[in-house]
Every structure is written in structure tokens, then in C-alpha cells.
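See structure below.
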Amino acid sequence: MMELLSMPFIRNIFLAGILVALGLAPWSVYVVLRRIVFSGAAVAEIASAAVALAVLFQLAPFPIALTMTVASFIGLSRLSGSARLPPETMVGMLYAGGSAASVLLIAKAPRGEADILNILFGNILTVPASMLWGLAAVFAVLSLLQFFAAKEFLISAYDPDMGKALGIRVDAWNMVFYAALGVAVAVSIRAVGALMTFTMLVAPGAAALCLTERLGRAFVVATALGVLSAIAGVFLSYQYDLPTGSTIVAVLSALFFASFVAGRLRAAA
Amino acid sequence: MATELLHARGLSVGYGRHAVLHGVDFAIEQGDFLGVMGPNGAGKTTLLKTLLGLLAPLAGTIESSSAKNGGKPLFGYVPQRESLDLHFPLTALEVALMGRFGRLGPWRRPGKEDLRIARACLSQTGMDAHAHRAYRKLSGGQKQRVLIARALASEPEILLLDEPTNGMDVHSERAIMELLAELQSKKSATIVFVTHLKATIEEYAHRVALITYDGKLLAGEKKKMLDPKVLSQAYKPK
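Chains as they are written, first to last, in the numbering used here: chain G, 631 to 899; chain U, 5 to 242.
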């Protein structure tokens with residue numbers, strides 16, 4: 631392991647994985663509890679379409695992806711429900727529409743497809759040191775937000791009517807929540823890609839909620855599982871010459887299913 | 005004469021442009037034990053949500069003498085317990101602690117004093133021994149006691165309860181209503197509860213607000229409001 635860490639290239643991959651885990655895993659608890667798991671996937675597709683559009687018109691991709699991610703999360707939180715359709719309908723259509731738009735726009739883009747896919751989906755193997763600093767700074771700010779707005783985020787998700795009756799501006803805090811989540815997703819997709827971002831936004835929280843009966847502990851367990859998966863995934867991918875992002879996703883998935891079984895067994899005991 | 009905490013005048017409540025109740029005039033007084041009843045779908049919960057400020061009135065005013073909360077009375081709200089998501093892994097104490105959130109202001113986390121108050125409220129509702137148990141694993145009656153403790157933790161002027169005994173067995177229902185009666189008599193709590201159970205109103209409420217099938221609200225002393233003639237007028241089928 632120490633031999634691995636002595637290589638700057640590998641050290642950056644470890645750091646990127648750990649930073650994304652530290653940044654996203656705590657949000658995953660809320661993502662699961664708020665039942666917005668597939669919103670993350672749909673928003674990632676919308677962001678991808680926005681990046682493809684930016685590439686087509688030779689604009690800077692990241693600011694457009696960031697704006698679209700935040701706007702999509704906020705939009706989904708406010709517009710998804712209607713009297714005639716359940717909320718997941720909008721999520722499903724945004725996912726399908728975003729995916730199709732990405733493919734169509736990439737087909738017409740002047741740059742090479744591999745180049746664009748790298749911009750679209752990131753690659754944990756190519757994260758530069760400067761991006762690591764950016765990830766650390768953004769996630770540090772978002773973690774502070776989560777810590778100091780914990781009660782607002784909790785009551786807005788758990789019992790918004792009670793929150794409003796207590797004088798808490800639930801709608802405004804929901805906007806803050808979704809905007810922060812959008813920023814976290816956008817910077818993570820840029821660094822490590824959509825699949826790892828999506829999995830890190832769901833699996834650690836879902837696994838933690840299977841393992842503990844306390845909300846506070848769920849955040850700690852989710853973060854620990856996220857970091858453990860990132861380290862194990864990078865190590866295994868190096869050891870067995872596997873794609874790093876997918877290996878981390880596989881470890882996260884395995885941990886989730888193991889936690890699910892452990893939770894069921896404990897409940898049955 | 006008791007102090008008026010709230011007075012609704014010419015109030016219309018509903019969703020969008022559709023008024024469910026109209027021309028509502030009634031007052032809530034200090035120490036009131038007011039039962040709100042009426043046919044299913046008549047607008048009991050809609051009225052309650054309007055009083056709480058969750059829905060804007062379609063017409064009329066809600067006046068208050070309270071100086072504590074920007075001219076609005078401080079409400080302790082006890083929702084229908086089925087409305088809460090049991091996926092959240094919260095203890096009874098954590099749920100009760102939420103009652104303190106409104107008093108803290110933005111960005112501040114609950115401290116030792118808030119914990120002490122939440123524990124005291126759990127104790128008041130007979131749930132102190134269950135403080136560290138998972139809320140979702142409690143019985144219906146125990147959950148209701150925790151939610152009442154949460155409402156009390158906000159140190160409210162008016163306690164508003166939406167169908168507090170819905171879906172409970174007779175024993176649990178009685179225990180919850182006895183708890184409310186005790187809070188009202190010993191702590192001078194002002195209590196407004198919504199129910200569709202006439203027997204509960206008959207036994208515990210001091211005053212009754214009766215919502216009629218045609219969207220009006222009649223409020224008065226229990227004996228007068230539960231008169232069979234008045235009730236048959238209120239429940240007359242459309």
C-alpha cells in the first residue's frame with residue numbers, strides 16, 4: 631500500500647476517491663430518505679446534455695453543467711408533482727430526454743467523441759492536482775453547510791408542515807438543499823464521472839440506513855463506507871488491472887447488498 | 005373573561021380558488037379545550053392548516069393578540085402521525101427535540117437546554133423511559149405521545165392536534181385524551197383538536213366548532229352544539 635501511495639499519479643486517484651466519498655456520502659443519507667435517488671441520475675443526464683451543447687457551440691462546459699445541475703435539482707424539487715402524474719414521471723422523462731439530447735449533440739459536435747465523453751463523464755484516473763484542491767474546497771464548504779443547517783434540512787424533509795408551523799422557511803431551505811446538492815453533483819461528475827457520482831450519492835446512505843437505527847450514526851457510517859469503498863476500489867483496480875471508477879462502484883454495490891442482508895438478518899433476530 | 009388568543013373573522017379557507025369553508029367566525033380563548041368536528045371532507049384539516057399558516061386564507065382575517073411571534077400565536081402542531089415517514093431512523097428524543105427548532109433561529113444547533121426541555125416534555129407525556137427508543141418501533145399511542153411532547157417542546161400558546169386518536173384502540177384513545185385533559189386542567193394549556201368522533205368530543209371538549217356539510221362553521225358550548233337538531237343540520241346529506 632505504501633508503495634502505491636509513493637506514486638503521485640496513484641496518490642491523486644486515492645485522494646480523488648476519498649474526497650468524493652467525503653463530499654457525497656453524507657448527502658446520500660438525505661437522498662435516500664427524501665426518495666430522490668433517481669433525480670440524481672436524471673440530473674446527471676441533463677448536465678451531460680448541457681455539456682454536449684456547450685461543446686457544440688464551443689463554450690466553457692463546466693459553468694453550463696453546474697448551472698444546469700443546480701437548476702434541474704431545484705426544478706425537480708418544485709415541479710415534479712402534479713395532480714395527474716406522480717413525481718417519478720418527470721424524473722423518468724428528464725432522464726430519457728437528457729440521454730437522447732446528449733447522444734444527438736455529441737453526434738453533431740466537432741470534437742472527437744472520446745474527448746467529449748471525457749469532459750462529460752470525467753475520469754478518476756486523470757484528475758489533476760488542481761482539481762483535487764477545488765474538490766476539497768467545495769466539499770468543505772458544503773459539509774459546513776450540512777453541519778450548521780442540519781436541523782433545517784431535517785425538518786424540511788421529515789415534517790415540512792411542522793417546520794412551517796414553527797416559523798422555519800421550509801421552501802427556502804429546500805432550495806438551499808437542492809442547490810447545494812446540485813453543486814456537489816456537478817463538481818463530482820466533472821472529476822470522477824456520472825456513474826461513480828450517482829452510486830456515491832446513493833449506496834453509502836442506503837447501506838448505512840440498513841445498519842443503524844440512529845440518524846446521526848447513519849451520516850458517520852455512510853461516510854466511513856464511502857471512504858472505505860473508494861480506498862478498496864482504487865487498490866483492487868490497481869491490483870487486478872481493472873477500470874478504477876467501475877471497481878469503486880462495484881465495491882459500493884457489494885457493500886450495499888451486504889449491509890441490506892445484514893440489516894434484514896438483524897431485524898429478524 | 006378569558007383572553008382571546010385568536011379571532012377568525014369572515015374567514016374562507018380552501019385550495020386554489022375553491023373555498024371549502026366560508027364566512028367562518030370564531031375565537032380561541034386562553035385555556036380553551038375546543039373540539040372541531042364535522043363530516044368527512046368538510047374541511048377540518050384545511051381549517052387547521054389555515055390557522056397554522058400553511059395555507060393562506062382565501063378571504064377574511066385571523067387576528068391575534070400575541071406579541072411573541074410577530075402578531076401570530078405560537079402553535080404546537082401535532083399532525084396525523086401517519087403523515088410522518090418511518091424510514092427516518094429517529095429516536096423519540098430526537099423527534100421531541102424538533103419542537104425546539106423554531107426557537108433556535110437559522111444556523112444554530114440544539115444545545116443542552118433544548119435537550120433538557122425535550123426530555124421534560126417526554127416526561128410530561130409519560131414517554132421519558134422510551135426517549136432513546138426508535139420512534140418507528142413505538143406503538144400508535146406511544147408515537148402520539150411523542151408528537152404531543154414535540155409540540156409541547158415548542159412552548160406553544162395553542163396546541164393544535166389533527167385527529168389525535170385516529171386508528172387507535174379504545175384504551176390508547178382514552179389514554180391520549182386523558183393526557184390532553186390533564187394538560188388543559190393542570191397546565192392551563194389551550195387545546196384545539198380535530199376529530200370525527202362525536203363520543204370523544206362529548207367526553208372531553210369544553211367547546212365545539214361544528215363544520216357543516218355546506219361549508220359553514222358553528223361554534224359554541226358543547227351542550228348546545230351537540231344537540232341532535234344542530235347535528236342533523238350539520239350532517240345533512242348533500
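Beta carbons: idealized from backbone N, C-alpha and C, even for Gly.
Nearest-angstrom Cβ-Cβ length linking residue i and residue j, presumed shorter than 8 Å
| i | j | result |
| --- | --- | --- |
| residue 82/U | residue 166/U | 7 Å |
| residue 9/U | residue 50/U | That pair is no contact at about 20 Å. |
| residue 805/G | residue 651/G | Not a contact, Cβ separation roughly 26 Å. |
| residue 47/U | residue 219/U | 7 Å |
| residue 698/G | residue 676/G | 6 Å |
| residue 56/U | residue 164/U | 6 Å |
C-beta contact flag for residue i and residue j at 8 Å
| i | j | result |
| --- | --- | --- |
| residue 149/U | residue 129/U | yes |
| residue 211/U | residue 193/U | no |
| residue 815/G | residue 674/G | yes |
| residue 834/G | residue 855/G | yes |
| residue 88/U | residue 801/G | no |
| residue 849/G | residue 659/G | yes |
| residue 67/U | residue 13/U | yes |
| residue 807/G | residue 783/G | yes |
| residue 718/G | residue 639/G | no |
| residue 30/U | residue 221/U | yes |
| residue 754/G | residue 853/G | no |
| residue 79/U | residue 795/G | yes |
| residue 16/U | residue 52/U | no |
| residue 121/U | residue 140/U | no |
Euclidean distance between Cα positions of residue i and residue j
| i | j | result |
| --- | --- | --- |
| residue 645/G | residue 762/G | 7 Å |
| residue 882/G | residue 157/U | 40 Å |
| residue 851/G | residue 838/G | 5 Å |
| residue 653/G | residue 217/U | 54 Å |
| residue 898/G | residue 687/G | 57 Å |
| residue 152/U | residue 827/G | 41 Å |
| residue 791/G | residue 119/U | 22 Å |
| residue 727/G | residue 207/U | 59 Å |
| residue 729/G | residue 690/G | 20 Å |
| residue 707/G | residue 671/G | 14 Å |
| residue 818/G | residue 765/G | 8 Å |
| residue 738/G | residue 679/G | 12 Å |
| residue 154/U | residue 844/G | 18 Å |
| residue 178/U | residue 768/G | 54 Å |
Residue range of the alpha helix (DSSP H) that includes residue i
| i | result |
| --- | --- |
| residue 756/G | Run containing residue 756/G: none; DSSP gives neither H nor E here. |
| residue 678/G | 667-686 |
| residue 97/U | 96-101 |
| residue 186/U | 174-191 |
| residue 791/G | 790-795 |
| residue 27/U | Looking at the DSSP string, residue 27/U is not in any alpha helix (DSSP H); the run it does join, the beta strand (DSSP E), is 22-33. |
| residue 107/U | 105-108 |
| residue 207/U | 202-208 |
Residue range of the beta strand (DSSP E) that includes residue i
| i | result |
| --- | --- |
| residue 11/U | 8-19 |
| residue 81/U | 79-82 |
| residue 828/G | Per DSSP, residue 828/G belongs to no beta strand (DSSP E); it is in the alpha helix (DSSP H), 824-830. |
| residue 68/U | 63-68 |
Neighbour-count burial assignment, residue i, 16 or more Cβ in a 10 Å radius
| i | result |
| --- | --- |
| residue 635/G | exposed |
| residue 134/U | buried |
| residue 146/U | buried |
Short CB-CB distance (under 8 Å) between residue i and chain C
| i | result |
| --- | --- |
| residue 113/U | Among the chains of the structure shown, chain C does not appear; the protein chains present are G and U. |
Residue i beta carbon near the ligand GTP (any heavy atom closer than 7 Å)
| i | result |
| --- | --- |
| residue 695/G | What this structure holds is no ligand at all, so the ligand GTP is not there to describe. |
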